[in-house]
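The sequence shown maps to residues 181 to 626 in this note's numbering.
For glycine and all other residues, C-beta sits at the position ideal for the given N, C-alpha and C.
Accompanying notes for the structure given below.
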Amino acid sequence: MVNCIGIRQENKYPDERRAPLTPKQVQTLIEQHNIKIIVEPSKNRVFTEREYEQSGAKISSDLSACNIILGVKEIPPHDFLANHNYLFFSHTIGGHSSNMPMLKQALDLNTTILDYELIKTNKGRRIVFFGRYAGFAGMIDSLWALGQRLLWEGIDNPFKEIRQACDYENLDEAQAMIKHIGKQIQREGLPNQLVPFICAFTGQGNVSKGAQKIFNLLPVVKMLPNELSGFFNTGKYSNGVVYSVEFRQKYLFEPRDVEHSFDWYHLHRHPERYTNRFENFVPYLTMIINGINWDTRFPRLVTKRYLKSFYQFNPSPRLRVIGDITCDVEGSIEATVKTTTSSNPVYVYNPFTEDTVDGCAGIGPVIMAIDILPSELPRDASKGFGNALLPFIPALAMADYKVAYEKLNIPLELRNAIIVHRGELTERYKYLESRVQLLDKPPGSD
Numbered sequence: 181m182v183n184c185i186g187i188r189q190e191n192k193y194p195d196e197r198r199a200p201l202t203p204k205q206v207q208t209l210i211e212q213h214n215i216k217i218i219v220e221p222s223k224n225r226v227f228t229e230r231e232y233e234q235s236g237a238k239i240s241s242d243l244s245a246c247n248i249i250l251g252v253k254e255i256p257p258h259d260f261l262a263n264h265n266y267l268f269f270s271h272t273i274g275g276h277s278s279n280m281p282m283l284k285q286a287l288d289l290n291t292t293i294l295d296y297e298l299i300k301t302n303k304g305r306r307i308v309f310f311g312r313y314a315g316f317a318g319m320i321d322s323l324w325a326l327g328q329r330l331l332w333e334g335i336d337n338p339f340k341e342i343r344q345a346c347d348y349e350n351l352d353e354a355q356a357m358i359k360h361i362g363k364q365i366q367r368e369g370l371p372n373q374l375v376p377f378i379c380a381f382t383g384q385g386n387v388s389k390g391a392q393k394i395f396n397l398l399p400v401v402k403m404l405p406n407e408l409s410g411f412f413n414t415g416k417y418s419n420g421v422v423y424s425v426e427f428r429q430k431y432l433f434e435p436r437d438v439e440h441s442f443d444w445y446h447l448h449r450h451p452e453r454y455t456n457r458f459e460n461f462v463p464y465l466t467m468i469i470n471g472i473n474w475d476t477r478f479p480r481l482v483t484k485r486y487l488k489s490f491y492q493f494n495p496s497p498r499l500r501v502i503g504d505i506t507c508d509v510e511g512s513i514e515a516t517v518k519t520t521t522s523s524n525p526v527y528v529y530n531p532f533t534e535d536t537v538d539g540c541a542g543i544g545p546v547i548m549a550i551d552i553l554p555s556e557l558p559r560d561a562s563k564g565f566g567n568a569l570l571p572f573i574p575a576l577a578m579a580d581y582k583v584a585y586e587k588l589n590i591p592l593e594l595r596n597a598i599i600v601h602r603g604e605l606t607e608r609y610k611y612l613e614s615r616v617q618l619l620d621k622p623p624g625s626d
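Structure, rendered in structure tokens:
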């Protein structure tokens, strides 16, 4: 049915509470554009069915009449409806094997898939995203983890008052607590064992910006990475502030050839010619907040090998917590050997045995790697996300997806976000065919 959209229930993760549109945004679409909206019931969603009903939506488990169905996370393969159209985070463009069965089912059922991640400006900037909220929640949870770790070490500290992001009513309440802690630090100072408290931030995108916005609620002094060594040598630091260091790529990687200087364009053309530089700074750091966009072509930021050597020579290092908001398993932070959940948010990575123990106790850094961090602030995250998505909804609701790709009457930003159209991979994503075909290959046929 044209001019009808559906909002599906999220059923991949038990902790997922977000929605692509809030009840208030649904009401706006109904009143201003006369769009029919059907919402699938969900026990986990932060917004109730009653809230959506009061906004004018219909509540039904049958979304078959919808012109397009909106979700947040990946859709289980058995949940796809044949010949239907979907918009969600598919996490397929990287070709990861875990999501290829979903993509194959979508192809087999003649569906059309658009991906939020691919809705971009003509300069390549993402338009619809949750990244800032991942940064907000990841920073809050990392400060919570620091407080718990220090208590395990027998160190009383102001961060012990912080709760996980999911335990606050909303972002405002969490921010009020961080500000309260900041005033306490200014008034009473940090424990000597934590001075100077230096937090490193990697990445320059929405994730890192969100994390830094939360950290900046504390009394912050900003530093450059190349100032750290001299800063420690002088010994002139304060217990009434925390120190923030943003690591641009020239401080993360360096050319293997010492006769060459760092060049951003050269790094991205030839990452194999670069090596890790970031580990040189790790001994100075109390906490690492990782928000870098990374893939396997690039050197890792922190390796297992480095951590083993580091802890051999520093049995009680300054580093307490790594908040790996990127959650790439054995990715830029190799000690992120698994993702975590809101109900079991952290583990300690033992650099000698490479084992993990859930919680904050043990030898090694505490790793926070919650896979769906924005869902810890579900109302705020859904509102921010929906506000960015709202302008595109009328076109999505009215589009005739049965026509050829070239004839689709939708904005270019949406056209470029189509991975699958009528059961066929679009031209720019044809490379995924080989990944999907591997599913049909008999075991041992290589």
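Contact under 7 Å by Cβ, residue i with residue j
{"i": "V528", "j": "G544", "result": "yes"}
{"i": "G327", "j": "I342", "result": "yes"}
{"i": "P479", "j": "N456", "result": "yes"}
{"i": "S562", "j": "C346", "result": "no"}
{"i": "N473", "j": "T382", "result": "no"}
{"i": "L267", "j": "L250", "result": "yes"}
{"i": "M280", "j": "V616", "result": "yes"}
{"i": "I299", "j": "P338", "result": "no"}
{"i": "P221", "j": "E229", "result": "yes"}
{"i": "G275", "j": "L612", "result": "yes"}
{"i": "T292", "j": "Y609", "result": "no"}
{"i": "V422", "j": "L398", "result": "yes"}
{"i": "V219", "j": "I187", "result": "yes"}
{"i": "M467", "j": "D321", "result": "no"}
{"i": "P203", "j": "S235", "result": "yes"}
Neighbourhood of residue i by C-beta, 8 Å cutoff - its chain only, sequence neighbours within 5 removed
{"i": "T208", "result": "L570"}
{"i": "S625", "result": "Its pLDDT being 46, under 50, S625 is placed unreliably by the model, and the measurement read from it follows with that caveat. Once the five neighbours on either side are set aside, S625 has no close Cβ partner at all."}
{"i": "E196", "result": "E190, N224, V252, K253, I552 and S555"}
{"i": "M357", "result": "E341, I342, R343 and Y348"}
{"i": "T169", "result": "Absent from the structure is residue 169, since the part of the chain shown begins at 181 and ends at 626."}
{"i": "P622", "result": "Confidence in P622 is poor, its pLDDT being 49 and thus under 50, which makes the residue's placement unreliable; the coordinate value appears in the next sentence. There are no such residues."}
DSSP beta-bridge partners of residue i
{"i": "P435", "result": "Y454"}
{"i": "M467", "result": "C379 and V501"}
{"i": "H601", "result": "E604"}
{"i": "D538", "result": "Y527"}
{"i": "F268", "result": "D295"}
{"i": "G318", "result": "Its beta-bridge partners do not exist; DSSP assigns none."}
{"i": "K238", "result": "I218"}
{"i": "M548", "result": "G503 and V526"}
Among the options, nearest to residue i - alpha-carbon criterion
{"i": "E190", "options": "K393, T291, F227 and T516", "result": "F227"}
{"i": "R559", "options": "F310, K216 and F412", "result": "F310"}
{"i": "S241", "options": "P257, I217 and N263", "result": "I217"}
{"i": "K416", "options": "P376, F442 and K430", "result": "P376"}
{"i": "P554", "options": "A391, F433, P399 and D538", "result": "A391"}
{"i": "G564", "options": "P435, R312 and D508", "result": "R312"}
{"i": "N265", "options": "M181, G236, V206 and S235", "result": "M181"}
{"i": "D288", "options": "R305, S270, F260 and H271", "result": "F260"}
{"i": "R491", "options": "H258, V462 and I468", "result": "Before going further, note that residue 491 is Tyr rather than Arg in the sequence given. The shortest Cα separation from Y491 among H258, V462 and I468 belongs to V462."}
{"i": "R367", "options": "I335, D321 and N419", "result": "N419"}
{"i": "K393", "options": "N183, A314, I185 and S441", "result": "A314"}
{"i": "N183", "options": "E211, K284, P200 and L465", "result": "E211"}
{"i": "L663", "options": "G369, K204 and M403", "result": "Here the chain covers residues 181 to 626 and nothing more, so residue 663 does not appear."}
Other residues of its chain near residue i: CB distance less than 7 Å, five sequence neighbours each side excluded
{"i": "C540", "result": "A325, Q328, R329, W332, V526, V528 and V546"}
{"i": "K192", "result": "K253, E254 and P256"}
{"i": "E459", "result": "V482 and Y486"}
{"i": "Y348", "result": "A354"}
{"i": "F395", "result": "M319, C379 and S424"}
{"i": "G334", "result": "none"}
Contact with chain D by residue i, beta-carbon distance below 7 Å
{"i": "P200", "result": "In the structure shown, chain D cannot be found, because there is only a single protein chain."}
6 Å Cβ shell around residue i - same chain, five flanking residues per side excluded
{"i": "L323", "result": "F339 and I342"}
{"i": "R436", "result": "R453 and T455"}
{"i": "P405", "result": "V425, F427, Y431 and F461"}
{"i": "A237", "result": "V206, I217 and V219"}
{"i": "C507", "result": "T519, A549 and D551"}
{"i": "A597", "result": "L294, D295, L298 and I299"}
{"i": "G369", "result": "N419 and G420"}
Sequence ranges, alpha helix (DSSP H) only - wholly within the stretch 325-382, length at least 4: Entirely contained in the stretch 325-382, the alpha helix (DSSP H) runs reaching 4 residues are, in chain order, 351-368.
Ranges of the alpha helix (DSSP H) found wholly within the stretch 274-311, counting only runs of at least 4: Restricted to the stretch 274-311, the alpha helix (DSSP H) segments that are unbroken, complete and at least 4 residues in length are 280-288, listed in chain order.
Note down, one range per segment and in chain order, each beta strand (DSSP E) of at least 3 residues found wholly within the stretch 393-451. Here the runs fully enclosed are 400-403, 422-427 and 433-435.
Tell me the start and end of each unbroken alpha helix (DSSP H) in the stretch 188-234 that is at least 4 residues and wholly inside, in chain order. Within the stretch 188-234, complete alpha helix (DSSP H) segments of at least 4 residues are found at 203-213 and 229-234, given in chain order.
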